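Below is one structure, written out as structure tokens, with a few remarks after it.
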Amino acid sequence: MLDGGGGPNRHHLPPGILTTGMPQVQNVQPAVLTVEEQMQQQQQPPQPDPPRELSEAEKQVIMMTPEFHQFFDRSTRIVERALAEDVDIFLDYSHDQDQESGGLDQSRQRLSLSRCFYDDRWSRNRCITSMDWSPQSPELLVCSYNNNEEFPHDPDGVALIWNRNYKKTTPEYIFHCQSPVMSATFAGFHPHLIIGGTYSGQIVVWDIRTQKRTPVQRSPLSSVAHTHPVYCMKVVGTQNAHNLISISTDGKMCSWSLDMLSQPQESMELQHKQSRAVAVTCLAFPNADVNNYIIGSEEGTVFTACRHGSKAGILDAYEGHQAPVTGVSAHSTPGQIDFSHLFLTSSFDWTVKLWSMKHWSLKETKPLYSFENSSDYVYDVAWSPTHPALFTTVDGTGRIDLWNLNLDTEAPTTTASVDGAPALNRVSWTPSGTQIAVGDDSGRVHIYDVGDHLYQPRQDDWSQLVHTLGELKNNRTEEDSLSQRGYDSPMSSLSSLASSPLLR
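Set out below in structure tokens:
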């Protein structure tokens, strides 16, 4: 420390004036740390060394490990979901949203396009052959695709899993195999497995837990299994006792255990009239039934059949279509009245027909009603899972029709047309009944929101449907009696002439 002119001989100078003498230097003791501060310094962890830069060879080794592939695949899927989200952060809940949105009331009573699923690499030039929603994760939709004729070196069969919860434009999972996939379904009681039926007749299984895009299991190509295209499959049963039912176009029905695809547990030849094989095109099981089922055929006849019992095989034939049956849907809406005896069919004859498996008379194998509003092939039909009288159809002109039997049987309740008028060959309701998925012949899946006034049933819709069915049955009885006397019903003859594809 400096002392500016101290000592006994210092001069008394005015304040602010330094003395001319030399300053004195004094020693100052260093700062002493307390015991607590010393302990804190000792407890601090040592600083780690900076990370070492990996060499290119070391990076390649890490990138080839299964752990890295699994991490990278999951991380990119999550990042894609986050980047695709489009949330209005300026939304003001204090304002009337109905007035600002304008057409909200109208959208509640119609079909409105929500989004479209399409991947240029895997969907282009491929026709969608089937669709199925996951029972465990209802936001997941699996779609099967036919081969791409413009790129013969690509895999012939493709199955993509889409996620409707996120707005990302890529599929969640991509699978493929060596043969066109004609049908695909979730394994039901095995949430990680996807089952595919191929054009070659093989049954293939993919597992989303693996990093493989190719099947982890496949059935043999032999006479003990299918050797013709498999257009329809269904997993039936319970958690502890379930089977995969598949039917090929040569009329062979097979029951499989997913644990062993080396050979089916049982098989049956579906034959009718002079032991002719039934060329099956579509399949449906009535609600909560694992033994009886409904099939459509290439000849236009609809059959009911059963798996077990003294009369296993074809039971009844329902004749009415004049062309191959393209789709069949059994009534599965739960409610106060059981309508599981009802089913719908679509056909290349431009019609949709309503049938009942209740044999009120010997002529009950004729349709209850024929919907003849379409002007092209009707490719598919599906009952609503929530409304007892509601169903939807799709046709070759790109039109989606929503029908409510309690409101009108002559014309659909609402109609929507897909841009570009592609042929719509598959339709499927979401499990909640709030949306429908429509697949077309160009590989696109269109998701439509169904207005809540359409899909939400009223309390009296079940009893009203009973009344509607009674009227349809009475009208058909009158037409039958008139036709037996040699007369045609004026309305039925006019409508049949107007809708006949042969007269256009």
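Letter by letter, the sequence shown follows residues 1 to 504 of full-length UniProt numbering.
Glycine included, each C-beta is placed from N, C-alpha and C at the ideal position.
What you are looking at is a predicted structure, and each value in this text was computed from that prediction instead of being measured.
- Secondary structure at residue 337: coil, using DSSP grouped into helix, strand and coil.
- For residue 449, there is no enclosing alpha helix (DSSP H); the enclosing beta strand (DSSP E) covers residues 445–450.
- Look at the beta carbons and you see the region 404–411 not touching the region 336–353: under three pairs across the two are nearer than 8 Å.
- Assigned with DSSP and collapsed to three states, residue 418 falls in coil, not helix or strand.
- Counting only the Cα atoms, residue 212 lies some 42 Å from residue 341.
- Note that the C-beta distance between residue 220 and residue 257 is not below 8 Å.
- Each residue's CA atom was taken as its position, placing residue 401 and residue 273 some 36 Å apart.
- From the listed residues 168, 128 and 161, the smallest Cα separation to residue 79 is found for 168.
- Per DSSP, the beta-bridge partners of residue 435 are 449.
- An exposed status is given to residue 113, since fewer than 16 other beta-carbon atoms sit within 10 Å of its beta-carbon.
- When DSSP states are grouped into helix, strand and coil, residue 455 belongs to the helix group.
- Sixteen is the threshold: when 16 or more other Cβ atoms of the shown chains lie within 10 Å of the Cβ of residue 390, as they do, the residue is buried.
- Distances from the CA of residue 343 to each of 332, 223 and 336 were compared; the closest alpha carbon is that of 332.
- If you ignore the 5 residues before and after residue 158, its C-beta comes within less than 6 Å of the C-beta of 122, 145 and 176, all in its own chain and listed in chain order.
- Under a 10 Å Cβ-count criterion, residue 337 is classified as exposed, with fewer than 16 other Cβ atoms of the shown protein chains found around its own Cβ.
- Taking 8 Å as the cut-off, the Cβ atoms of residue 328 and residue 352 do not count as close.
- Between the beta-carbon of residue 254 and that of residue 225 there is about 6 Å, and that keeps the pair under the 8 Å contact cut.
- Counting every other CB atom within 10 Å of its CB across the protein chains shown gives residue 61 a total below 16, marking it as exposed.
- For residue 442, the CB contacts under 6 Å within the same chain, skipping 5 residues up- and downstream, are 422 in chain order.
- By a beta-carbon distance limit of 8 Å, residue 182 does not contact residue 426. Their separation comes to about 11 Å.
- Taking the Cα of residue 218 as reference, the smallest distance to any Cα among 305, 204 and 143 is reached at 204.
- C-alpha of residue 208 to C-alpha of residue 140: approximately 12 Å in a straight line.
- In this structure, residue 306 sits near residue 292, with a CB-CB distance shorter than 8 Å.
- Distances from the alpha-carbon of residue 75 to those of 449, 147, 172 and 365 put 172 closest.
- Note that the C-beta distance between residue 143 and residue 446 is not below 8 Å.
- With respect to the 8 Å criterion, residue 412 and residue 461 are not classified as neighbours on the basis of their beta carbons.
- Positions of the beta strand (DSSP E) runs, each at least 3 residues long and wholly inside the region 134–190, are given as 140–145, 157–163, 173–177 and 181–186 in order along the chain.
- The Cβ neighbour count for residue 202, taken over all protein chains shown within 10 Å, is at least 16; the residue is labelled buried.
- Distances from the CA of residue 397 to each of 358, 381, 385 and 417 were compared; the closest alpha carbon is that of 417.
- Rounded to the nearest angstrom, the gap between the Cα atoms of residue 479 and residue 228 is 41 Å.
- The shortest CA-to-CA distance from residue 301 to any of 164, 309, 192 and 316 is the one to 316.
- Residue 206 and residue 190 have their C-alpha atoms some 11 Å from each other.
- For residue 295, DSSP records a beta bridge to 283 and 303.
- Per DSSP, residue 382 lies in no alpha helix (DSSP H) segment; the continuous beta strand (DSSP E) that holds it begins and ends at 378–383.
- In the three-state reduction of the DSSP assignment, residue 268 falls in the strand class.
- In this structure, residue 282 sits away from residue 236, with a CB-CB distance that is not shorter than 8 Å.
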